[in-house]
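So for the sequence shown, the numbering used here puts the first residue at 27; every next one is plus one.
For reference, the structure discussed in these notes is given below.
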Amino acid sequence: MPDSRRPPDWDQPADRHTTLIDPVITVRQLSRFGFARKALTRIDHALVFSTPGGGYEAYLPPLRPSRGEAAAKRYTSVYEVDMGVHPHQAEIPLPSDNDAFEFIAAVDMSWQVIAPADFVRSGHRNVPALLLGELQQAARSLTRRFAIHDSARAERHLLDALAAQAPLGTAAGLQVLWTLRLRRDQQNIDHQRRMQSIDHNAAEQIRTEQQGVAYDVELDRRTRLQDALQAGRATEYGRLDHELALQRQAWQQEQDQLRARHEAELRKLEAEKIAFYQGYLEQGGVVAWAMHLAQNSQDSRLVVDSMREDQLRLILAEVELARELLSGDSAEDYELEEPKRRALDAISKIFSQHIPGNSRDPSPSRTATTATAPPESRLTKGDPPEGTPQSAHSNEDPDTEAATDQAPAPAPAPAEKNGAFPGWQPPPGYGSSPSAPPPQRDSDEHQDLSP
Numbered sequence: 027m028p029d030s031r032r033p034p035d036w037d038q039p040a041d042r043h044t045t046l047i048d049p050v051i052t053v054r055q056l057s058r059f060g061f062a063r064k065a066l067t068r069i070d071h072a073l074v075f076s077t078p079g080g081g082y083e084a085y086l087p088p089l090r091p092s093r094g095e096a097a098a099k100r101y102t103s104v105y106e107v108d109m110g111v112h113p114h115q116a117e118i119p120l121p122s123d124n125d126a127f128e129f130i131a132a133v134d135m136s137w138q139v140i141a142p143a144d145f146v147r148s149g150h151r152n153v154p155a156l157l158l159g160e161l162q163q164a165a166r167s168l169t170r171r172f173a174i175h176d177s178a179r180a181e182r183h184l185l186d187a188l189a190a191q192a193p194l195g196t197a198a199g200l201q202v203l204w205t206l207r208l209r210r211d212q213q214n215i216d217h218q219r220r221m222q223s224i225d226h227n228a229a230e231q232i233r234t235e236q237q238g239v240a241y242d243v244e245l246d247r248r249t250r251l252q253d254a255l256q257a258g259r260a261t262e263y264g265r266l267d268h269e270l271a272l273q274r275q276a277w278q279q280e281q282d283q284l285r286a287r288h289e290a291e292l293r294k295l296e297a298e299k300i301a302f303y304q305g306y307l308e309q310g311g312v313v314a315w316a317m318h319l320a321q322n323s324q325d326s327r328l329v330v331d332s333m334r335e336d337q338l339r340l341i342l343a344e345v346e347l348a349r350e351l352l353s354g355d356s357a358e359d360y361e362l363e364e365p366k367r368r369a370l371d372a373i374s375k376i377f378s379q380h381i382p383g384n385s386r387d388p389s390p391s392r393t394a395t396t397a398t399a400p401p402e403s404r405l406t407k408g409d410p411p412e413g414t415p416q417s418a419h420s421n422e423d424p425d426t427e428a429a430t431d432q433a434p435a436p437a438p439a440p441a442e443k444n445g446a447f448p449g450w451q452p453p454p455g456y457g458s459s460p461s462a463p464p465p466q467r468d469s470d471e472h473q474d475l476s477p
């Protein structure tokens with residue numbers, strides 16, 4: 027910056043980052059020898075000197091005049107001009123075909139001084155106002171042709187028209203880069219937004235209805251499909267239930283058949299048991315006691331005592347019966363002949379029978395019993411008791427009677443083999459039937475069914 031003892035006529039406290047509308051930083055009057063470079067100016071600033079003839083000479087950075095040169099050319103003043111690039115944004119109203127509505131032009135520009143002498147000569151001190159004025163003057167007549175709602179077409183024509191003209195700020199030594207966007211006024215924008223919102227709402231409702239119909243169709247299809255699936259599922263369940271019922275009936279029938287077969291087998295087994303026990307019970311007490319011993323071997327003492335008591339009672343009963351027959355007189359002799367003979371045979375068998383647990387040797391008690399027996403018990407078959415009338419068979423041949431008298435008494439039956447009591451034989455009527463032994467089939471069945 028040139029040094030001088032006089033203060034500058036114009037001075038802006040500006041630096042590199044200051045927003046400027048006037049690129050002229052300082053203006054200073056010079057005397058003939060007033061220019062002295064004790065301090066250098068900024069490197070991006072230009073110096074414009076005015077001559078006495080009214081001309082301007084510019085020294086672009088980094089060129090600077092010497093003191094002698096400045097004195098020789100007799101400069102009267104010096105302008106320090108900023109040559110930096112300065113951005114600027116602004117909005118300008120532009121008329122439409124209807125005065126009630128205006129376009130709003132949003133302008134973004136950046137300007138720079140490229141001819142400092144021309145700018146100082148032009149005398150402008152507000153660069154944005156200069157540029158916006160030129161832009162507005164060129165655009166007003168063009169935007170008047172378009173309606174407010176036709177902002178897009180108006181913007182396109184405006185850009186084409188401005189590009190065909192001289193660049194903005196050329197006369198003032200400026201270089202300008204700019205762009206413009208034309209839009210409607212705020213009321214029209216709000217109205218258009220409301221209209222658009224209404225259209226959007228209507229479109230949404232229409233879309234909702236259309237999709238609702240499609241949704242209803244899909245829901246109906248899905249419901250029908252679910253009904254069909256439920257019907258199929260119910261049919262399948264019914265079929266499975268019917269098959270299960272048939273299987274249960276077949277199983278129940280099979281169980282009934284098995285139960286009936288089992289009951290028949292049980293009845294058959296009971297019938298076999300009945301026949302088995304009936305055969306043993308019909309054979310007499312010895313066989314029954316033997317079967318009891320086969321199942322309960324620990325009751326041998328009880329069986330022996332019971333059989334002994336039964337035999338004693340039977341013997342006493344037979345003796346009493348024989349005594350009554352021999353001493354009685356209720357029937358004729360010929361009627362009592364056969365019973366008396368059988369009674370004598372029974373007495374003979376009784377006397378020859380060995381009772382288990384008793385010795386075969388005659389004991390005093392037994393001898394006494396024999397001695398005290400009635401006379402009828404010692405009679406033979408050929409000697410009837412005294413006082414008995416002769417039977418109708420007394421006229422028989424004496425030889426026959428003698429043979430009868432001389433016939434020996436019937437020998438006792440061989441003793442039945444018994445594992446517990448060898449040589450013992452049950453008395454008549456006790457045990458197996460006297461007429462015939464039990465059939466072999468019953469004994470085999472007993473052997474098969476006995477435990």
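All residues carry an ideal CB built from backbone N, CA and C; glycine is no exception.
If you're wondering where the values come from, they're calculated on a predicted model, not measured in any experiment.
Counted within 10 angstroms of its Cβ, other Cβ atoms place residue i as buried (16 or more) or exposed
| i | result |
| --- | --- |
| Ala98 | exposed |
| Glu235 | exposed |
| Ala96 | buried |
| Leu161 | buried |
| Thr45 | exposed |
| Pro78 | exposed |
| Ile232 | exposed |
| Met333 | buried |
| Leu200 | buried |
| Asn214 | buried |
| Thr426 | Here the model assigns Thr426 a pLDDT of 37, short of 50, so the residue's position is not dependable and the matter cannot be decided. |
| His268 | exposed |
| Ile341 | buried |
| His14 | The requested residue 14 is not part of the displayed model; the chain covers only 27 to 477. |
Residue nearest to residue i in terms of C-alpha spacing, selected from the options
| i | options | result |
| --- | --- | --- |
| Leu86 | Leu200, Ala320, Ile140 and Thr77 | Ile140 |
| Leu194 | Arg209, Asp216, Gln163 and Gln222 | Gln163 |
| Val50 | His71, Ala254, Ser326 and Glu230 | His71 |
| Ala132 | Tyr101, Leu184, Gly94 and Ala84 | Leu184 |
| Arg100 | Leu89, Asp211, Ser76 and Ile118 | Ser76 |
| Ile69 | Asp37, Tyr82, Gln38 and Met109 | Met109 |
| Asp125 | Ile174, Pro39 and Asp253 | Ile174 |
| Ser353 | Gly81, Gln324 and Lys366 | Lys366 |
| Ile118 | Arg207, Gly264 and Gln275 | Arg207 |
| Gly80 | Pro88, Ser148 and Gln138 | Ser148 |
CB contact flag (residue i, residue j, <8 Å)
| i | j | result |
| --- | --- | --- |
| Ser136 | Pro113 | yes |
| Val329 | Leu319 | yes |
| Val107 | Phe145 | yes |
| Ser177 | Arg219 | no |
| Pro142 | Ala192 | no |
| Leu347 | Ala316 | no |
| Leu158 | Ala190 | no |
| Ala372 | Glu344 | yes |
| Val313 | Tyr303 | no |
Contact belief for residue i with residue j at Cβ below 8 Å, rounded distance in angstroms
| i | j | result |
| --- | --- | --- |
| Phe172 | Arg179 | 6 Å |
| Arg166 | Asp123 | About 12 Å separates the two Cβ atoms, so there is no contact after all. |
| Phe127 | Leu120 | 11 Å between Cβ atoms; not a contact. |
| Val53 | Pro33 | Not a contact, Cβ separation roughly 11 Å. |
| Ala187 | Leu156 | In fact, because the Cβ distance is near 19 Å, the residues do not count as touching under 8 Å. |
| Asp41 | Asn152 | At roughly 20 Å, the Cβ-Cβ gap does not stay under 8 Å, so Asp41 and Asn152 are not in contact. |
| Leu168 | Val104 | 42 Å between Cβ atoms; not a contact. |
| Asp134 | Thr205 | 5 Å |
| Arg93 | Leu73 | That belief does not hold up - the Cβ atoms of Arg93 and Leu73 are roughly 13 Å apart, past 8 Å. |
**Report entry** Minimum length 3: unbroken beta strand (DSSP E) runs contained in the region 112–196
**Finding:** Here the runs fully enclosed are 128–139.
Query raised in the report: Can you give, in chain order, each stretch of the beta strand (DSSP E) that sits fully within the region 194–233 and has at least 3 residues?
Result: Uninterrupted beta strand (DSSP E) stretches at least 3 residues long and entirely within the region 194–233 occur at 200–209, given in chain order.
Query raised in the report: Where are the alpha helix (DSSP H) runs, 4 residues long or more, that stay fully inside the region 274–322, in chain order?
Result: Here the runs fully enclosed are 311–321.
Query - Every unbroken alpha helix (DSSP H) within the region 37–113, with a cutoff of 4 residues, ordered by chain - result: Taken in chain order, the whole alpha helix (DSSP H) runs of length 4 or more contained in the region 37–113 are 93–98.
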